[in-house]
Amino acid sequence: MYNNWHPYGYYHNPPQTVMPKPSKTAVAYLKGGPFSPNIKGLVLFQEMRDGTRVCVEVTGLPSYQPGYHNKDPIGPHGFHIHENGICEIRDSDDPFHAVGGHWNPTNQPHGNHAGDMPVIFSNNGYAWMCFFTNAFKVADAIGKAVIIHQNPDDFRTQPAGDAGKRLACGVIEYII
Ligand SMILES: [Cu+2]
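For the sequence shown, position 81 (counting from the first letter as 1) is numbered 80 according to numbering that gives the first Met the number 0, and the numbering increases by one without interruption.
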């Protein structure tokens, strides 16, 4: 009776990701650090009935480079919420160290952290992506930091998916 293709046939009670008006919105302005100073971006967090809609738009990302000789590929880029909203560059070899590890309020393995998000694909430096998550509410993410990494997140290596250097950072703030 229900098939996998019809949008109203697959779920009896789908998580509602579309609402006339999101109830709360937060934003993080992403700014590149010393490894990728041209990155500029915006991440929007919109509270929906059963979770959060996240949209990101970024320019100035590095172009994709394949991995070779045991070096990690550059892109698609690991993309996480880290626990401290402190986007300071104290050490240019290890920028954004002060954001700490992944935001993980329920003590989950990496791959299921509240702060684990899909990787970002660079299209010659530009990326746009939206997704839905029920891992957190907008209010809980305020004061944390979004990080874009140089390498892919494998969603398997503990505790951070082997995503490499931190390229860009932005603190999550309320706008509405
Ligand atoms: Cu990260």
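Ideal placement from N, C-alpha and C gives every residue a C-beta, glycine not left out.
Look at Ala162: its beta carbon is less than 7 Å from one of the heavy atoms in ligand 1. Counting only the Cα atoms, His79 lies some 11 Å from Asn103.
A Cβ-Cβ distance of about 12 Å is found for the pair Gly40 and Val53, leaving them out of contact under the 8 Å criterion. DSSP lists Val42, Ile171 as the beta-bridge partner residues of Ala27. Within a 10 Å sphere around the beta-carbon of Ile146 sit 16 or more other beta-carbons, which makes this residue buried.
Rounded to whole angstroms, the Cβ separation of Asp49 and Asn133 is 6 Å, and the two are in contact under 8 Å. Distance from the CA of Cys129 to the CA of Ser91, rounded to the nearest whole angstrom, comes to 31 Å. As summarised for the region 73-131, the continuous beta strand (DSSP E) elements at least 3 residues long and confined to that stretch are 76-81, 115-119, given in chain order. For Ile146, the shortest C-beta to heavy atom distance toward ligand 1 is below 7 Å.
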